[in-house]
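I have placed the structure first, in the form of structure tokens, so that the comments after it can refer back to it.
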Amino acid sequence: MTGLIPGAPRAGVGGPATDRAVCVLAPNPSPMTLDGTNTWIVSEPGSGLAVVIDPGPLDEGHLRAVVRTAEERGQRIALTLLTHGHADHAEGAARFAELTGSAVRALDPAQRLGGEGLRHGDTITTGGLDLRVVGTPGHTSDSLCFHLPADGAVLTGDTVLGRGTTMVAHPDGRLGDYLDSLRRLRDLASEHGVTRVLPGHGPVLGDALGAVEYYMAHRANRLAQVETAVEAGYRTPAAVVAHVYADVDRALWPAAELSVRAQLDYLDEHGLI
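Residues in the sequence shown are numbered consecutively from -4, following my numbering.
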């Protein structure tokens, strides 16, 4: 890994991140959303067309700020993409479509508006920009990442965050799927030139491989802790959380309990408890 903090996070959140990506930070900070939701505008340099990834919450000021940022760059928003359907990423999508006239594409049919679905392996080309869809279920069943090859970057939604680690949103999210998704992202970083993570929350990470390897090690460690807790007699998800996540802010315990439920399911499925 690079540096003392996993993933080598950049100082600050928001603003230009690569030659093709700029972040507009939503005003919805919380223990779960960190500094707020990162709405990404991506475009080929010199193009008049842009793609927005995760318009964010239903906040009129934020949605208009995203449109204004694109217009100040001489761009029209031609397409909206969703990494997944959680409200802090997708609630504003319908209103954003009204403001921009753009279709909304997502894996989940319930989240689409006037556009096709998305699936792993798809390539999206808009205004000369190429984005590749990477299926990364686990945080949720509909989670996607978007590979931006020209910048050696991947937009990860909630699959990898810019600070801390994410949850597996049981029962929709499944730990086995999440571990497979981390391995898929590790392959992108180790074999396909991805060096930067543009997350859905928190700062840009300059060491994609280090970040993903940290996530994999962290998840393996937590899983071992949960297994040990169960063996020691902590049987309910709440009891396991209080034991294993005692060093974590209590405001995050409800999310931790979802992850614990996913871990307990995984251990049970593999005959480990």
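Note that beta-carbon positions come from the ideal geometry of N, C-alpha and C, so glycine has one too.
Give the DSSP-derived three-state secondary structure of residue i in the structure shown.
| i | result |
| --- | --- |
| residue 166 | coil |
| residue 223 | helix |
| residue 130 | strand |
| residue 57 | helix |
| residue 33 | strand |
| residue 68 | coil |
| residue 46 | strand |
| residue 95 | helix |
| residue 152 | strand |
| residue 21 | coil |
In whole angstroms, give me the CA-to-CA distance for residue i and residue j.
| i | j | result |
| --- | --- | --- |
| residue 142 | residue 227 | 43 Å |
| residue 40 | residue 123 | 9 Å |
| residue 106 | residue 126 | 19 Å |
| residue 259 | residue 7 | 36 Å |
| residue 193 | residue 128 | 14 Å |
| residue 52 | residue 231 | 33 Å |
| residue 177 | residue 204 | 10 Å |
| residue 182 | residue 175 | 11 Å |
Is there at least one Cβ from chain D nearer than 9 Å to residue i's Cβ?
| i | result |
| --- | --- |
| residue 135 | Looking at the structure shown, chain D is missing, and only one protein chain is on hand. |
Measuring only from the beta carbon, is residue i closer than 8 Å to any heavy atom that is part of the ligand NAD?
| i | result |
| --- | --- |
| residue 112 | Among the components of this structure there are no ligands whatsoever, and the ligand NAD is therefore not found. |
Do residue j and residue i come within 9 Å of each other at the CB atom, strictly closer than that value?
| i | j | result |
| --- | --- | --- |
| residue 100 | residue 58 | no |
| residue 180 | residue 214 | no |
| residue 48 | residue 77 | yes |
Since residue i contacts residue j with CB under 8 Å, what's their CB separation in whole angstroms?
| i | j | result |
| --- | --- | --- |
| residue 189 | residue 147 | 6 Å |
| residue 71 | residue 45 | 7 Å |
| residue 65 | residue 36 | 6 Å |
Contact the segment 195 to 208 vs the segment 2 to 21: 3+ CB pairs below 8 Å: yes
message: Quick check: the segment 148 to 158 against the segment 236 to 246, are at least 3 beta-carbon pairs closer than 8 Å?
response: The segment 236 to 246, when compared against the segment 148 to 158, does not touch it at the 8 Å Cβ threshold.
task: Would you check if there are 3 or more beta carbon pairs closer than 8 Å linking the segment 19 to 36 to the segment 246 to 253?
output: yes
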